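Q: If you count by the numbering used here, then the sequence shown holds residues 262 to 569, one letter each, in order.
Okay, here's the structure, questions in a sec.
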Amino acid sequence: MKDFATNASSKKNKRKSKQGFISKRSFKYLSFGLGLFFIGLMIRNIHFGDFVSNHAKQTILVVSREVDSSPAYLVEADFSQLYVNVYPLDTSVEIEVGEYGDYRFQAIYPLLASFEKKPLNLVRSTYSFTLGTVVDDVWPVSETLAQWDRKNNFRKLLFSKEILELPSSMKTKFSWIALMSDSRTEVNIHDTQKDFPLKKKLAITDTNSFLCSIALVNTTSMSGLAGRIDSVLSQDGFSVIRIGNDEDVLERTEIVVSSDPLIQNNCQKAREKTEKLLPGSISYKEDDQVVQQYRADIVIKLGVDMDQ
Numbered sequence: 262m263k264d265f266a267t268n269a270s271s272k273k274n275k276r277k278s279k280q281g282f283i284s285k286r287s288f289k290y291l292s293f294g295l296g297l298f299f300i301g302l303m304i305r306n307i308h309f310g311d312f313v314s315n316h317a318k319q320t321i322l323v324v325s326r327e328v329d330s331s332p333a334y335l336v337e338a339d340f341s342q343l344y345v346n347v348y349p350l351d352t353s354v355e356i357e358v359g360e361y362g363d364y365r366f367q368a369i370y371p372l373l374a375s376f377e378k379k380p381l382n383l384v385r386s387t388y389s390f391t392l393g394t395v396v397d398d399v400w401p402v403s404e405t406l407a408q409w410d411r412k413n414n415f416r417k418l419l420f421s422k423e424i425l426e427l428p429s430s431m432k433t434k435f436s437w438i439a440l441m442s443d444s445r446t447e448v449n450i451h452d453t454q455k456d457f458p459l460k461k462k463l464a465i466t467d468t469n470s471f472l473c474s475i476a477l478v479n480t481t482s483m484s485g486l487a488g489r490i491d492s493v494l495s496q497d498g499f500s501v502i503r504i505g506n507d508e509d510v511l512e513r514t515e516i517v518v519s520s521d522p523l524i525q526n527n528c529q530k531a532r533e534k535t536e537k538l539l540p541g542s543i544s545y546k547e548d549d550q551v552v553q554q555y556r557a558d559i560v561i562k563l564g565v566d567m568d569q
C-alpha cells in the first residue's frame, strides 16, 4: 500500500513537472514571437530613407535577359522625396535599333548583350535613345517580370536574389534597399507606356538642371546626332541652348567646362548624365575661351567614337 501511494505521488509529481515544462516552453515561444513582432515594428518605424536622402535621383531599366513577353520596367527613384515611379513598358512594340533595323523592344538586350556581345555602356546608351530619357543603369534579370505592376509585388521582387546579385555598386544597392525599406516611401505604378521615345517628361526631374546651360557641337558626319542628344537631355530637364557643327573632327567625345568652381558644380549633374547617355569614354578639359565662344556653361563636342 505504501509503495502504491508512493508511486502514485511520484507519477503525479512527474505530470506536474511535465506540465510545468510545457508551460515554460510555451512561454518562451510566446516571448520570442512577441519579441520578433516588436522588433519588426521597430524596424518598420526606422526611417531608413534618411540615410540615403542625399543620393542622386536614378532611373533604372529592368529588362529580361531573354526574349520575354512580359513587360520591362523603367523605374525612377527620388531618394530625397521618398518617391518611386514605376513605368511598365510594352515590350512587343517594334522600334528602330540603330544600324540593326527594327526589333521588338524585348529583343534589344538579347541582341546587343548576348548575341553581339556589346558592352553594357553601349546597351545603356541604346536604351536611353530609344526611351528618350537618360537611363542610369540597366538591370537584366532571368525571372518573369509579369507581376511587377503591383506595388506590393514590386517591393518584394526588388529584393530578389537576382537583383541583389547584379554588378551594381554597393552604394547603389544599399540606397535602393534603404529607400524601399522605409515605410514612408511612396510607390506609384503608372500606365503601360507604348510609344517610344516617351513623348512627355517623366515625373521625376532635377529642378537644378536648368542652372547649367549646354552647347552641343557635332564634329562627325552623322547628321542629326546633336539633335537626338538634345531631345534626350531636354527630356530630363537640362537646358540645351545651342546646337552646332565643327569641321575639326574629334576622335573622342570631349566635354569642355568653365574654370569657375560654381559653374562646375552647377554642371556636375549634366556631366554625369552625359556620361550615362554616350557610349564611349569622354575626355574633359577646362577652357574658358571655348565656353565663352559658344556662350554656354558647358560645351559637349561629339567625336567619331559616337559612330562605333
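We treat Cβ as the ideally placed atom computed from N, Cα and C, and that holds for glycine.
All of these numbers come straight from a predicted model, not from anything done at the bench.
Going straight from the alpha carbon of residue 422 to that of residue 314, what length do you get?
A: Near 25 Å, if we compare the C-alpha coordinates of residue 314 and residue 422.
Q: Give the DSSP bridge partners of residue 364, in chain order.
A: DSSP lists 356 as partners of residue 364.
Q: When DSSP labels each residue in this structure, what does residue 503 get in the three-state scheme?
A: Residue 503 falls in the strand class under three-state DSSP.
Q: In three-state DSSP terms, what is residue 545?
A: Three-state DSSP puts residue 545 in a strand.
Q: Given this structure, state the Cα-to-Cα distance separating residue 484 from residue 414, to the nearest angstrom.
A: Those two C-alpha atoms are separated by around 44 Å.
Q: At the level of alpha carbons, what is the spacing between residue 344 and residue 321?
A: Rounded to the nearest angstrom, the two C-alpha atoms are 14 Å apart.
Q: Go ahead and label residue 419 buried or exposed: buried means 16 or more other beta carbons lie within 10 angstroms of its beta carbon, across all protein chains shown.
A: Under this definition residue 419 is a buried residue.
Q: Looking at residue 476: is its Cβ nearer than 9 Å to the Cβ of residue 503?
A: Cβ distance < 9 Å, so residue 476 and residue 503 count as in contact.
Q: CB-CB under 6 Å to residue 479, same chain, minus the five flanking residues each way: which ones, in chain order?
A: Once the five neighbours on either side are set aside, the close Cβ partners of residue 479 are 486, 487, 506 and 563.
Q: Which residue wins for smallest C-alpha separation from residue 435, given the options 451, 323, 560 and 316?
A: Nearest C-alpha to residue 435: 316.
Q: Would you mind stating whether residue 324 and residue 399 have Cβ atoms separated by less than 9 Å?
A: Yes. Within cutoff.
Q: Alpha carbon to alpha carbon, how far is residue 509 from residue 377? Give it in angstroms, no decimals.
A: Taking the straight line joining both Cα atoms gives about 32 Å.
Q: With contact counted as at least three CB pairs below 8 Å, one residue from each stretch, are the stretch 362–373 and the stretch 328–335 in contact?
A: Counting Cβ pairs under 8 Å, three or more are found: they touch.
Q: Let's test the definition: count the other Cβ atoms within 10 Å of the Cβ of residue 558 and tell me whether it reaches 16, buried, or not, exposed.
A: It is buried - the Cβ of residue 558 has at least 16 other Cβ atoms within 10 Å.
Q: Run the CB neighbour count on residue 449, radius 10 Å, all protein chains shown included, and call it buried at 16 or more, exposed below.
A: Flag for residue 449 reads exposed.
Q: DSSP state of residue 565, grouped into three classes?
A: The answer is helix: DSSP assigns residue 565 an H, G or I state.
Q: So, with DSSP's three-state summary, where would you put residue 483?
A: Residue 483 falls in the coil class under three-state DSSP.
Q: Give the secondary structure of residue 437 by DSSP, where H, G and I count as helix, E and B as strand, and everything else as coil.
A: The answer is helix: DSSP assigns residue 437 an H, G or I state.
Q: Measure the C-alpha to C-alpha separation of residue 342 and residue 407 and round it to an integer number of angstroms.
A: Approximately 28 Å between the Cα atoms of the pair.
Q: Could you tell me which of 535, 439, 355 and 337 sits nearest to residue 347, measuring between CA atoms?
A: Residue 337 is the option with its Cα nearest to residue 347.
Q: Report the option in 560, 490, 550 and 555 whose CA atom is closest to the CA atom of residue 544.
A: Among 560, 490, 550 and 555, the Cα nearest to that of residue 544 belongs to 560.
Q: Assign residue 386 to buried or exposed, taking buried as 16 or more other Cβ atoms, counted over all protein chains shown, within 10 Å of its Cβ.
A: It is buried - the Cβ of residue 386 has at least 16 other Cβ atoms within 10 Å.
Q: For residue 554, which residues in the same chain have their Cβ closer than 7 Å to its Cβ, ignoring the five residues on either side in sequence?
A: Taken in chain order, the list of residues that qualify is empty.
Q: In whole angstroms, give me the CA-to-CA distance for residue 498 and residue 538.
A: Between residue 498 and residue 538, the C-alpha separation is close to 14 Å.
Q: Are residue 459 and residue 393 touching if we call contact CB-CB under 9 Å?
A: Result yes, Cβ atoms of residue 459 and residue 393 sit closer than 9 Å.
Q: Rounded to the nearest angstrom, what separates residue 416 and residue 523 at their Cα positions?
A: Between residue 416 and residue 523, the C-alpha separation is close to 39 Å.
Q: Ignore the nearest five residues each way along the sequence and tell me which others in residue 551's own chain have a CB closer than 6 Å to its CB.
A: If we look at residue 551 and ignore the five residues flanking it on each side, its Cβ neighbours are 517 and 560.
Q: Do you know how far the Cα of residue 428 is from the Cα of residue 534?
A: Between residue 534 and residue 428, the C-alpha separation is close to 20 Å.
Q: Identify the residues that DSSP records as bridge partners of residue 350: which are they?
A: DSSP lists 333 and 454 as partners of residue 350.
Q: By the 10 Å Cβ neighbour count, where 16 or more other Cβ atoms means buried, how is residue 362 classified, buried or exposed?
A: Residue 362 should be labelled exposed.
Q: Return the chain-ordered list of same chain residues with a C-beta closer than 8 Å to the C-beta of residue 536, the five sequence neighbours on each side being excluded.
A: Taken in chain order, the residues that qualify are 543.
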